[in-house]
Amino acid sequence: MRKYLVLLTILSILALAACGKTEKSTEKPVDNGENNSEFETTGNKTAGSEQGLKLQVIKGDAEVGVTVENNELYSELDKIIQENPDMGAAGDFSLYVVDTLHDEEGNSKLVILGINRLPVAIKNFEFNYTLGNKDEEFVWEKQPVEMKEEIAGILQPNSALPIVLPLTDEQKMLVKSLKEGNIVMSIEDFKYEEVK
Numbered sequence: 340m341r342k343y344l345v346l347l348t349i350l351s352i353l354a355l356a357a358c359g360k361t362e363k364s365t366e367k368p369v370d371n372g373e374n375n376s377e378f379e380t381t382g383n384k385t386a387g388s389e390q391g392l393k394l395q396v397i398k399g400d401a402e403v404g405v406t407v408e409n410n411e412l413y414s415e416l417d418k419i420i421q422e423n424p425d426m427g428a429a430g431d432f433s434l435y436v437v438d439t440l441h442d443e444e445g446n447s448k449l450v451i452l453g454i455n456r457l458p459v460a461i462k463n464f465e466f467n468y469t470l471g472n473k474d475e476e477f478v479w480e481k482q483p484v485e486m487k488e489e490i491a492g493i494l495q496p497n498s499a500l501p502i503v504l505p506l507t508d509e510q511k512m513l514v515k516s517l518k519e520g521n522i523v524m525s526i527e528d529f530k531y532e533e534v535k
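In our numbering, the protein residues as written are 340 to 535.
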């Protein structure tokens, strides 16, 4: 258990984590269009349908025995994917904001699905993430997010994995206040290594 807590601390520092209780679903997608957000209508180990999107357990979690079946967060994410197997921008990498949660220490986190609809598997991907409102109040503005292969593994095509970002109390309140018509989201400087 201590090993798992140490791993969670490391993952939080790297803007990743994978445990906790969900509060509410905000379901706000963003894709990697030319540095602008694109809204879509809700419309390693994997779970999910054969043709649709599959949930992938990140490598760091799988190494400590986490599965879709034995972890509350992964189970909830898998349900969302089962209900929306076509989410994600076709032929691109996109993000889907899922929920806020609290870790075992009570720290707030934002859970986002990183969705790979590229025709290739990717690793060592990174981008700058902006989330806020049109009044220029930002939860993050060009926040660097990095998913190294050593921790996240390889993200297969038509697969998604959780990206968990730490939230301050102020950021959490701003996330809760976001409304669909007033949201500003973008991915900039998306870089990845193709796995052949």
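We put the beta carbon where it would ideally sit given N, CA and C, even for glycine.
From a predicted model like this one, the values you see are computed outputs, not experimental measurements.
Please list the terminal residues of the continuous beta strand (DSSP E) segment that includes Leu-397. On the sequence shown, residue 397 is found 58 positions in, with the first residue counted as 1. A quick correction: the sequence has Ile, not Leu, at residue 397. First-last for Ile-397: undefined, no H or E at that position.
Spatial distance of Thr-469 from Thr-406 (CA atoms): Taking the sequence shown and counting its residues from 1, the one referred to as residue 469 is at position 130. Taking the sequence shown and counting its residues from 1, the one referred to as residue 406 is at position 67. Approximately 30 Å between the Cα atoms of the pair.
Lys-473 and Val-523 look like a contact to me (Cβ under 8 Å); what is the Cβ gap, rounded to whole Å? Sequence index remark: in the sequence shown, residue 473 carries index 134 (1-based). Sequence index remark: in the sequence shown, residue 523 carries index 184 (1-based). Contact flag correct, Cβ pair sits at about 6 Å.
Validate contact between the region 440–452 and the region 506–524 using beta carbons, cut 8 Å, 3 pairs: The count of Cβ pairs closer than 8 Å, one atom from the region 440–452 and one from the region 506–524, reaches three, so the stretches are in contact.
Could you name each continuous alpha helix (DSSP H) segment of 4 residues or more that falls completely within the region 435–521, going from the start of the chain to the end? When DSSP assignments are scanned along the region 435–521, the uninterrupted stretches of alpha helix (DSSP H) that are 4 or more residues long and fall wholly within it turn out to be 488–491, 508–516.
Exposure of Gly-430, with buried meaning 16 or more beta-carbon neighbours within 10 Å: For this step, residue 430 is matched to residue 91 along the sequence shown. With fewer than 16 other Cβ atoms within 10 Å, it is exposed.
Looking only at its own chain, which residues have a Cβ that is under 8 Å from the Cβ of Phe-529, when we skip the five neighbours before and after it? Start at 1 with the first residue of the sequence shown, and residue 529 comes out as number 190. Correct list, in chain order: Asn-371, Phe-432, Phe-464, Glu-465, Phe-466.
Mapping DSSP to helix, strand and coil, what is Lys-535? Translated into the one-based positions of the sequence shown, residue 535 becomes position 196. Under the three-state reduction of DSSP, Lys-535 is assigned to coil, being neither helix nor strand.
Using C-beta distances below 6 Å, list every residue in its chain close to Glu-389, excluding the 5 sequence neighbours before and after it, in chain order. Residue 389 sits at position 50 when you count from the first residue of the sequence shown. A caution first: Glu-389 carries a pLDDT of 40, below 50, which makes its placement in the model too unreliable to give a value.
From which residue to which residue does the alpha helix (DSSP H) around Asp-417 run? The residue given as residue 417 occupies position 78 in the sequence shown. For Asp-417, the enclosing alpha helix (DSSP H) begins and ends at 411–422.
Please report the distance separating the alpha-carbon of Ala-460 from that of Leu-434. Working through the sequence shown from its first residue, we reach residue 460 at position 121. Working through the sequence shown from its first residue, we reach residue 434 at position 95. Take the alpha-carbon of Ala-460 and the one of Leu-434: they are about 16 Å apart.
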